[in-house]
Each structure stands twice: as C-alpha cells, then as structure tokens.
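Using our numbering, the letters of the sequence shown map in sequence onto residues 1132 to 1350. Where is the CB? At the ideal position from N, CA and C, for every residue including glycine. Just so we're clear, the structure is a prediction, and the values are computed from it rather than from any experiment. In what follows, a structure is listed as structure tokens, so that the remarks can point back to it.
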Amino acid sequence: MLERSISCQFSRGFLTAHFPEPHFSGTFDPWIQVSPLEASLLFRWFFLLVGISSIWNCSADSGAVVSREKEGNMFGEEKKKETYVIASPLAGVLLRDGKPMANARLLRRLTWNGNEEGILQEFFTDDQGRFELPVHEEKLRLNFLIQFVSKSTVYSENESDENLIWYSSKLTSGLYSELNDKLGEVICDLSDENIVVHGTDSIVPNIMTRCRWEGMKRA
C-alpha cells in the first residue's frame, strides 16, 4: 500500500488535493480536483467513521465492565449470604450399661467453612437421660468453587475419644442432609463401641457413632 501525505487548497471554486508519491514509478497525475460537494461528503464520511470508532471503543469498555461484574459475581464477590444447616437436630436417650444417664453433660462442637476451630455448645440430659440437640444454622457466602463442609461432634462430659457419642459430616446445606431422611430417636450407650455408618447413599461413610437407630446402614 502506498503511503500518502495529503494537502488541500482551493482554486477556481474547486478543492484541490495533492497526493505526493515519492516512490511511485508509473505515470500518475498528483493533482486531483474535488468539488466542494465531494469534499463535504468526504469530510462527513471521515467524521462519521471517527464517531463510529468512538462508539465502538465506548461499547468495548462498557462490555469489559459488565464482564468484570459478571466475573465478580461468578467468584462470589457480590454473592449474597445464604442459610446453611451446619447440624441437623439430634434427639435420643443417653445410657451407660443400659441405664439412663440423668442430668449428664453433653458437648457439641460444630465446624464449617471459614470456622475450622468451630463453636462449642453445652446441653444436658433430663432425669430420664433424654436429650434434644437443636438444629444449628449459619449465614454463609460461598462461591461455586468452594465445597460446603460442616462437621458435628458430640461428647459426654468432655471432649475425649472415650466419650465420643456422635460424629457426622455433611456436604450440602439442607436439613437432615447427613442422612437420607429425618432421623428418629437414637439410643446412645457409652458402653457400646463406635461404628461407622453410611448416612447417605454415598459410598463414603459420613457418620461414626455409639448411637443406634432403626434402619441404620453400617459400613
């Protein structure tokens, strides 16, 4: 493509444009006469192209901003907090050698994403050894790259392995997602051994407990 330096001048009612061609070896008349109407149209086309270019750049910038906003939403920067069930309710009776443990102290430690140390809750059995551990929920903001995980561990008296009654993990936010369905009353005898249980249909067991209940699936 030939590079041209354009200069213009008016002569006898015409706009004369000069296109110097220093490297052009053929026959070429460097003076082209353009009428004022044609010159006006040329300038209009020129400014139209400049305007379209500006609009294009503006649209590209706006698109980039929208893209960044979508990316921000994708990675959770603007994602609203949602309710996650950290632990579903657990109710039953606490025994030792088949006898109810009245007014026994129960400790439940809960951990979840962003709170690996967890919280420690205290409960007590009644005169018949019965207990009810309520549902625990938290408002969390997790993006799609983060897998929700919560763990619930229940002890009797203190946090020692010999006093472990219940351990469960859950990977979804719903109620009773540790199990396939709502769990009925459990019987937890501290003299029994801990067993591993499939709380869900997953091939990986997610519960270890001294408690027993109808329909439990041992690993």
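By the criterion of a C-beta distance shorter than 8 Å, G1305 is surrounded in its chain by V1216, once the five residues flanking it on both sides are discounted.
Residue environment analysis places K1270 among the exposed positions, since fewer than 16 neighbouring C-beta atoms fall within 10 angstroms of its C-beta. Contact between the stretch 1216 to 1229 and the stretch 1283 to 1293 is present: three or more C-beta pairs spanning the two stretches fall below 8 Å. Here Y1298 has T1284 and M1339 as same chain residues with Cβ atoms under 6 Å from its own Cβ, once five neighbours each way along the sequence are excluded.
In the DSSP assignment, S1304 falls outside any beta strand (DSSP E), carrying neither H nor E.
Your pair R1261 and S1322 does not check out as a contact, with CB atoms roughly 18 Å apart and the cut at 8 Å. DSSP, read as helix, strand or coil, puts N1246 in strand.
E1345 carries a coil assignment under DSSP once its states are collapsed to helix, strand and coil. In the three-state scheme derived from DSSP, where H, G and I count as helix and E and B as strand, E1316 is classed as coil. In the three-state scheme derived from DSSP, where H, G and I count as helix and E and B as strand, E1293 is classed as helix.
By the neighbour-count criterion, in which a residue is buried when 16 or more other Cβ atoms sit within 10 angstroms of its Cβ, R1349 is exposed. The alpha-carbon of S1308 is positioned some 19 Å away from that of F1275. It is roughly 16 Å from the alpha-carbon of D1258 to the alpha-carbon of E1288. Taking A1233 as the centre and dropping the five residues before and after it, the same chain places the C-beta of T1256, D1257, D1258, Q1259 and G1260 closer than 8 Å to its C-beta, in chain order. In this chain, the beta strand (DSSP E) harbouring M1339 covers I1338 to T1340.
Residue N1311 holds the alpha-carbon nearest to the alpha-carbon of M1347 among D1320, V1335 and N1311. The shortest C-alpha to C-alpha distance from T1303 to any of E1290, G1245, N1325 and F1279 is the one to F1279. According to DSSP, Q1252 shares a beta bridge with R1239. One Cα belongs to H1267, the other to K1212, and the distance between them is close to 16 Å. If the five residues before and after C1342 are omitted, its C-beta is found closer than 7 Å to the C-beta atoms of G1223, I1296, W1297, V1317, I1318 and C1319, all from its own chain and listed in chain order. Partner residues in the beta bridge of H1267, as assigned by DSSP, are A1218. In its chain, beyond the 5 residues on either side, G1249, L1251 and T1284 have a beta carbon closer than 6 Å to the beta carbon of R1240.
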